[in-house]
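Order-wise, the sequence lines are chains Y and R. One gets our numbering by counting positions in the first sequence from 1 and adding 504 to each. One gets our numbering by counting positions in the second sequence from 1 and adding 368 to each. The C-beta atom is built at its ideal place from N, Cα and C for all residues, glycine as well. The structure displayed is predicted, hence computed values, not measured ones. One structure below.
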Amino acid sequence: MSVKDYIRERFFPHMWCPGCGHGIVLNNLLRAIEDLGLNKTGIVMVSGIGCSSRISGYVDFHSLHTLHGRALAFATGVKMSRPELNVIVPMGDGDALAIGGNHFIHAARRNIDLTAIVMNNRVYGMTGGQYSPLSGYGTSATTAPYTNIDHGFDIVALAAAAGASFVARTTTYHVMELRNIVKRAITHKGFSVVEVMSQCPTYFGRKNQMGSAVDMMRSYKENTVPLGSKEKQEHPELIERGVFVEKELPEYRAEYDRIIERARKG
Amino acid sequence: MSQHMMFLQGNEVCVEAALYAGLDFFAGYPITPSTEMAEMLSIRLPQNGGKFLQMEDELASMCAIIGASLTGSKVMTATSGPGFSLMQEALGYAVMTEIPCVIVNVQRGGPSTGNPTHVSQGDVNQARWGTHGDHAIVALTASSNQDVFSITVDAFNISETYRTPVVLLFDEVVGHTRERVLAPEPGEIPLVGRLHTSVRGGVDYHPYLPREDGRLPMSDFGGVHRYNVTGLFHDMWGFPSNNPQVVHGLLRHLVDKIENHANEIARYKEYYLEDAECVLISYGSAARSARHLVNSRRPRGERLGLLELQTLWPFPDQIVREKCAGAKYIVVVEMNMGQILQAVKAAVPDPSKVFLANRVDGDLITPTDIRNILRLIWGKGV
């Protein structure tokens, strides 16, 4: 099998800009699925709206391209009805954490077995470069011409606090790590969150003088460190990568089976 | 009709009927005056192996039932005005993607938080046009608990037949009135199941290519066909398209599949219309008062009749026109500022004959209220 066997070639070329990180995420997501030997008919990809969300149309799985921010709510309906399906939910940072922020924390709280992949490019790309809840204080965007005074979320801390039982962060530079983390996230029973720092050279990079796509990816190499490394203690501004949370907690759909048992006993 | 008699409130009857129709997935959020439905389904659904979900809000509830419907479940949500406002986004998604689902709105006073524990019929036009963009919609209602049962089963059947969301527009009085209901035997009311594609695995399946009869066979998510579903305009594969021909074709299909079947979707009841000089047109709990008035004035020789609408959208223009052909006066009895009034005026040849008898203060309109307004219309004073 090759990656080509997992995509709908009829719908290519894709609509992402040259240098966009999202193609790297798609590629490694498919490689992770290939490594796991998953049946294409057993996978549902549910996405919302935005650049990242177009990923669902390109893959040869059951694909549900929904409303801005609401992918996790649709995915919850799918998973509750057909728990045997692997439900993967790629989202953008604005999609997952601004308009979809409430659905995100509640899916985490329920610990329903979905794999949420947040492709964090720190900007609304499809609408032309407005600031997102991940842009961060002091950044520049088409709607922050005098600098951004909104503080960013920490996706990992938010997901962990909300109750997600698997939480990880990686980048489009660290492709082997990305592939392995996605594999672990899909295999994990419970709500999994993978933040993938993904470059948007067209908008976030250009507005914040971050150079080319290659420069942005190099910055992922230079500004991130593996979780628990000593460098982080010396340079607290470095961003940690790795698996932050991985614990066994009762999974929602399995819990609901117990509800059904209880209801049937009367 | 079996002898299985129940004494229930309208909300509970709606639940019984939904289960009769095969409901196996419900997602909702608590809101007055519909909450009893969620409470009852949280007990009943898991007893049958079905799923009940209390979501974080009505946005999520509506999304969750659409996701579940795609896997082959029969789905429903229940709410009231404020929640129905939040559901409009995903309701439009269900229209665009042609996903069968039933949305119950037990109406209370609005706008905004409004009058939560009191009756209103103020969401009639919201049901029609609440979500953005050109579209058609089906909205049904009922005035008695026996009719709540049959119209709820109809709602599921219509949603499957036309692959469309169906809105059940009840109101607080209907939802909370306790009265006798005779439960039909299983099989007594025919049920429409999901129309599945006969295209086998490995053969190119076109999820959005209607058959000759306009129906669109589905393949459940998780089944042999992997396809795309999107709220964007899409081609026969379900893939996004902005090709003007594709966009035009899909929009016409979405509207025509409902509007061209308005007569088949029309449900109504009539009382004394044969020789009525004054035709009352009403629906929901207001129709109970209108019927009482007609029944009590007929013995005195007043030529009053009642057309009780159970299908509000698509509006049954032709039926209204025919039934009102001999009327000198047409009086629309409703608990809003004249929402069905406008549809009736548009349907009949002489709109100057059409009057409104309404009440919008949170109390049920009474037969006396209607009688007083009729005397004014007839120039007899109150």
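Could you round the C-beta distance between residue i and residue j to whole angstroms and report it? I think they count as a contact, below 8 angstroms.
| i | j | result |
| --- | --- | --- |
| V516(R) | F538(R) | 7 angstroms |
| G561(Y) | I434(R) | G561(Y) to I434(R), Cβ: 18 angstroms. No contact. |
| Q377(R) | H544(R) | 5 angstroms |
| P552(R) | S664(R) | Their Cβ separation, rounded to whole angstroms, is 31 angstroms, which puts P552(R) and S664(R) out of contact at 8 angstroms. |
| E744(Y) | N624(Y) | The pair is not a contact, with the Cβ atoms about 14 angstroms apart (cut-off 8 angstroms). |
| G523(Y) | A717(Y) | 3 angstroms |
| C431(R) | T619(Y) | About 18 angstroms; that fails the 8 angstroms criterion. |
| F393(R) | H566(Y) | That belief does not hold up - the Cβ atoms of F393(R) and H566(Y) are roughly 17 angstroms apart, past 8 angstroms. |
| G449(R) | D491(R) | 6 angstroms |
| L409(R) | L427(R) | L409(R) to L427(R), Cβ: 19 angstroms. No contact. |
Which one or two residues does DSSP pair with residue i in a beta bridge?
| i | result |
| --- | --- |
| E699(Y) | V622(Y) and R673(Y) |
| I537(Y) | None, per the DSSP bridge assignment. |
| D539(R) | Q475(R) |
| T679(R) | L508(R) |
| K721(R) | None, per the DSSP bridge assignment. |
| M720(Y) | Note: M720(Y) sits in no beta bridge, so no partner. |
| P608(R) | H602(R) |
| M586(R) | H564(R) |
| P533(R) | C469(R) |
| Q422(R) | G396(R) |
| K713(R) | DSSP lists no partner for K713(R). |
| I433(R) | In DSSP, I433(R) forms no bridge with anything. |
| L376(R) | E547(R) |
By the DSSP assignment, the alpha helix (DSSP H) with residue i in it spans what residues?
| i | result |
| --- | --- |
| V516(R) | N513 to T529 |
| K769(Y) | Y756 to K769 |
| V410(R) | This sequence places Ser at residue 410(R); Val is not what is there. Here the alpha helix (DSSP H) through S410(R) covers T403 to Q415. |
| T728(Y) | Segment T728 to P730 is the beta strand (DSSP E) holding T728(Y); no alpha helix (DSSP H) there. |
| K736(Y) | K734 to E738 |
| H610(Y) | G605 to R614 |
Compute the Euclidean distance between the alpha carbons of residue i and residue j, then round it to the nearest angstrom.
| i | j | result |
| --- | --- | --- |
| L459(R) | F695(Y) | 27 angstroms |
| E540(R) | P575(R) | 39 angstroms |
| L674(R) | A693(R) | 13 angstroms |
| I690(Y) | N631(R) | 50 angstroms |
| S653(R) | L622(R) | 31 angstroms |
| G582(R) | K625(R) | 7 angstroms |
| A523(R) | V470(R) | 7 angstroms |
| T485(R) | M703(R) | 15 angstroms |
| D539(Y) | T545(Y) | 16 angstroms |
| L413(R) | K419(R) | 6 angstroms |
| L709(R) | V549(R) | 31 angstroms |
| T643(Y) | G629(Y) | 15 angstroms |
| A644(R) | A600(Y) | 59 angstroms |
| A406(R) | G770(Y) | 18 angstroms |
| V381(R) | S650(R) | 21 angstroms |
| C521(Y) | P705(Y) | 9 angstroms |
| L387(R) | P587(Y) | 22 angstroms |
| S460(Y) | P594(Y) | This structure leaves residue 460(Y) out entirely; chain Y is present only between 505 and 770. |
| L506(R) | R568(R) | Reading off the sequence, residue 506(R) comes out as Val, not Leu. So the two alpha carbons sit approximately 32 angstroms from each other. |
| I738(R) | N493(R) | 22 angstroms |
| L744(R) | F452(R) | 36 angstroms |
| S370(R) | T447(R) | Any reading at S370(R) needs caution, since the residue's pLDDT is 49, under 50, leaving its predicted position unreliable; the model's value is listed next. Going from the Cα of S370(R) to the Cα of T447(R) covers about 31 angstroms. |
| T647(Y) | I616(Y) | 35 angstroms |
| H610(Y) | I603(Y) | 13 angstroms |
| R574(Y) | I553(Y) | 9 angstroms |
Using a cut-off of 8 angstroms between C-beta atoms, extract the partners of residue i located in chain Y.
| i | result |
| --- | --- |
| A468(R) | Checking the sequence shown, residue 468(R) turns out to be Pro, not Ala. Per Cβ cutoff of 8 angstroms: no residues; P468(R) is ~13 angstroms from chain Y at best. |
| I433(R) | G581 |
| M423(R) | A577, T580 and H610 |
| Y461(R) | T570 and L571 |
| P608(R) | G561 and H569 |
By the criterion of Cβ-Cβ separation under 8 angstroms, what are the contact partners of residue i in chain R?
| i | result |
| --- | --- |
| Y760(Y) | P414 and K419 |
| I763(Y) | P414 |
| S567(Y) | R594, Y595, N596 and V597 |
With respect to the beta strand (DSSP E) encompassing residue i, which residues constitute its N-terminal and C-terminal limits?
| i | result |
| --- | --- |
| H481(Y) | With chain Y represented from 505 up to 770, any question about residue 481(Y) goes unanswered, as that position is not in the structure. |
| G396(R) | F393 to G396 |
| I687(R) | Counting along the chain, I687(R) falls outside any beta strand (DSSP E), though it belongs to the alpha helix (DSSP H) covering D685 to K691. |
| V686(Y) | Run containing V686(Y): none in the beta strand (DSSP E); it sits in the alpha helix (DSSP H), V679 to T691. |
| F578(Y) | Premise fails: F578(Y) lies in the alpha helix (DSSP H), A575 to S585, not in any beta strand (DSSP E). |
| S594(Y) | Correcting the residue type first, residue 594(Y) is Pro in the shown sequence and not Ser. Run containing P594(Y): N590 to G596, per the beta strand (DSSP E) assignment. |
| V443(R) | V443 to T447 |
Taking C-beta pairs closer than 9 angstroms, name the residues in chain R that residue i reaches, listed in chain order.
| i | result |
| --- | --- |
| A645(Y) | The contacting residues do not exist; A645(Y) stays about 25 angstroms from chain R at best. |
Flag residue i as yes when its Cβ comes closer than 8 angstroms to any non-hydrogen atom of the ligand NAP, and as no otherwise.
| i | result |
| --- | --- |
| R568(R) | The ligand content of the structure shown is nil, which means the ligand NAP is not present either. |
Along chain R, which residues have their Cβ under 7 angstroms away from the Cβ of residue i?
| i | result |
| --- | --- |
| D564(Y) | R594 |
List, in order along the chain, the chain Y residues whose C-beta lies closer than 7 angstroms to that of residue i?
| i | result |
| --- | --- |
| T439(R) | V582, S585 and R586 |
So which residues on chain Y does residue i lean against when the C-beta distance must stay under 9 angstroms?
| i | result |
| --- | --- |
| V427(R) | In the sequence under discussion, the amino acid at residue 427(R) is Leu, which differs from the Val named in the question. In chain order: L571, G573, R574, A577, N606 and H607. |
| G590(R) | T545, G546, V548, H566, V582, S585, R586, E588 and L589 |
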